[in-house]
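Residue numbers (our numbering): 57 to 667.
Comments concern the structure below.
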Amino acid sequence: MYRNLEEAMDDLEKHGHLVRISEEVDPYLEMAAIHMKVYEAGGPALLFEKVKGSKYRAVSNLFGTIERSKFIFRKTWSATQNVIAVRNDPMKALKNPFAHIQSAFAAAKALPMKKSSLPASFQEIEITDLPLIQHWPKDGGAFITLPQVYSEDPEKPGIMNANLGMYRVQLTGNEYILNQEIGLHYQIQRGIGVHQAKANKKGEPLKVSIFIGGPPAHTLSAVMPLPEDLSEMTFAGMLAGRRFRYSYVDGYCISHDADFVITGEIHPGETKPEGPFGDHLGYYSLTHDFPLMRVHKVYARKNAIWPFTVVGRPPQEDTSFGALIHELTGDAIPREIPGVKEVHAVDAAGVHPLLLAIGSERYTPYQQVKQPAELLTIANRILGTGQLSLAKYLFITAEEEEPLDTHREADFLTYILERLDLRRDVHFQTNTTIDTLDYSGTGLNQGSKVIIAAYGDRKRELCRDVPDPLTKLPEELPGFSDPRMVMPGVVALQSPAFLTYEKAQKEIKELSEAIQKRGDIPSCPIILLCDDSEYISSSNKNFLWVTFTRSNPAYDIYGVNASIENKHWGCDNMIIDVRIKPHHAPPLIPDPNVEKKIERFFVKGAPLAGI
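Written out as structure tokens, the structure is:
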């Protein structure tokens, strides 16, 4: 049970989970580059003792592995899991009340504790005193990547009706007045957005507190999907094994356990450009207007430590966060949607773009032919549920004789492609919402979805070598070249650079006609048009990332011998255009000079040697 972040660091170091870096490190790109290299290697947490331009230390990769995270919470993990289980399924407690007395006791012990004044160790500082970490070359400035953003309901003030969320915070750059203004990136439907809407309606500014650091449980609390009647502050107390301590100063809630606190107000209608920022899809989220926070005061505790992470093409530390949350809370989706066995948001595809799901197909005994029926009902329920509604692609099937695992992505997709009827099983949703951070669509939050629901007997043997009609295509269409196998039934074809959708339609029409001329290829249900077929075919990770982050289904899916019957689209072979389009956000590319510069930390005798 840690009272603060420093105690957690000492415990991790004592047990071999943390390495100190005593040499001065530049917060501009260097710290992020070191973190990414260590995370990728499954390495330890990193304590940067000398951050250029700041007197404060910084720590990263705290939650870099599930093993380290569970070690941090080893004393409170089981009790917290039990409380969440009871909140998710109250009938458990009714059926066996005595087994859950300890759970109720754990929750009661975790209630927040109000104090009368600030701790003596707190001092006022400026934004410019903080470690101002910039992660990617084109980022708009320095960002807080592990904030705990606290706001209260203007209609029901108080800590038990508060929201604690993790929304990115821009500290410097763009049009922000240094030390006076910062930017908050969040959607209006999220917890703080609801509070802001209520404050706007009353014509009042919303008071916001941003906590950074404190016991690791507080950071995790800001991203937990909790039952509605369990507050983030109570959860923080449970997981920390110590009640959340707080007081109010000038009407702002101050966490006594945090290492840093920034307070300020969001006034109705006040926005400024925020971004760009390297994001979890592996691209920059571009500059858009988001709420402006007028800084009131900034506090730091004595010997404060600044926690940070790096967001980028997955897997990154937020991948480990997701695994930790899933293990702590269990899978809520099967409880929420009847008939669903499993839903997997594919991390390698940027999480939101691609869902793989296992449902049930209980309508088939009444049908002449095995085909998706109940699966389509379930698919629509999935795409109408919370964050899953941001998905663009949903592949769904049901188990028959053999068990399926959506986490074995290539095997799962192979199973579906073997059974896919391309004239029956492809269902589009157009002019709908997608992830704000996904620039493959037609505008901010605007794009399309496709459900690919396949079920029944195997229809084809999938090709495992490039079929002849595709190997000979370059002779007839010189712009298309180097066809390569990606996985069974999927071939990547290197194509001319994308210029416009009008030109793409013409190119793909010629390609479809050339394929038709050479004969049917039922063994190859999907053909990918790409910028680099060697790259996309070199690993499943590359295939998933390129295909599902660079395509907007209604715009970028075409078909060989495509037709529409009773408003339903079908084809012989699906062609997905996964080339980079002019409106796409640029991908995240590390600075080669920085990559070379940080090698000094990994050579023999250096603190990270051998990683």
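Where a beta carbon is used, it is the ideal one built from N, C-alpha and C, also for glycine.
Quiz item: Can you list, in chain order, the residues of its chain whose CB lies under 6 angstroms from that of ALA618, leaving out five sequence neighbours each side?
Solution: CYS627
Practice problem: Compute the Euclidean distance between the alpha carbons of ALA89 and GLU651, then round it to the nearest angstrom. | Solution: 7 angstroms
Exercise. Compute the distance between the beta-carbons of ILE582 and ILE636, then report whether it is under 8 angstroms.
Key: no
Quiz item: Residues bridged to GLY320 by DSSP?
Solution: VAL264 and VAL351
Exercise. Name the two residues that bound the continuous alpha helix (DSSP H) containing GLN572.
Key: 557-573
Exercise. Reducing DSSP to helix, strand and coil, say where ARG301 ends up.
Key: strand
Practice problem: Compare the C-beta of GLY368 with all C-beta atoms of chain C and state if any pair is closer than 8 angstroms. | Solution: Among the chains in the structure shown there is no chain C, since it carries only a single protein chain.
Quiz item: From which residue to which residue does the beta strand (DSSP E) around TYR95 run?
Solution: Premise fails: TYR95 lies in the alpha helix (DSSP H), 86-96, not in any beta strand (DSSP E).
Quiz item: Which word fits SER78, buried or exposed, when buried means at least 16 other C-beta atoms lie within 10 angstroms of its C-beta?
Solution: exposed
Quiz item: Between PRO459 and the rest of its own chain, which residues show a CB-CB distance below 6 angstroms, the 5 nearest in sequence each way excluded?
Solution: none
Self-check item: Euclidean distance between Cα positions of GLU590 and VAL634
Solution: 14 angstroms
Quiz item: Is it right to say ASP467 is buried, meaning 16 or more other beta carbons lie within 10 angstroms of its own, or is it exposed?
Solution: exposed
Quiz item: Just how far apart, CA to CA, sit ALA570 and LEU529?
Solution: 7 angstroms
Quiz item: Would DSSP call ASN219 helix, strand or coil?
Solution: strand
Quiz item: Got a sec, what are the start and stop residues for the beta strand (DSSP E) MET543 sits in?
Solution: 537-543
Self-check item: 7 angstroms Cβ shell around GLU455 - same chain, five flanking residues per side excluded
Solution: ILE414
Quiz item: Is it the case that the Cβ atoms of GLN226 and PHE199 are separated by a distance below 8 angstroms?
Solution: yes
Quiz item: My guess is that LEU167 and THR290 are in contact by the Cβ rule of under 8 angstroms, so how many angstroms apart are they, rounded?
Solution: 6 angstroms
Self-check item: Cα-Cα separation between ARG574 and LYS623, rounded to whole angstroms
Solution: 29 angstroms
Self-check item: ASP628, DSSP secondary structure in three states
Solution: coil
Self-check item: DSSP state of PRO530 mapped onto helix, strand, coil
Solution: helix
Quiz item: Taking Cβ to Cβ, would you say LEU526 is nearer than 8 angstroms to GLU566?
Solution: no
Quiz prompt | Selection from VAL542, MET87 and GLU531 that minimises the alpha carbon distance to LEU518 | solution = VAL542
Quiz item: Should the segment 502-517 be regarded as contacting the segment 468-479, the criterion being three or more beta carbon pairs within less than 8 angstroms?
Solution: yes
Quiz item: Taking the runs of the alpha helix (DSSP H) that are 4 residues or longer, which of them lie wholly in the segment 457-541?
Solution: 465-475, 524-527 and 529-532
Quiz prompt | ILE248 - containing alpha helix (DSSP H), residue span | solution = 247-258
Quiz item: Leaving out the 5 sequence neighbours to the left and right, which residues in its chain are closer than 7 angstroms to ARG656 when beta-carbon positions are compared?
Solution: ALA662
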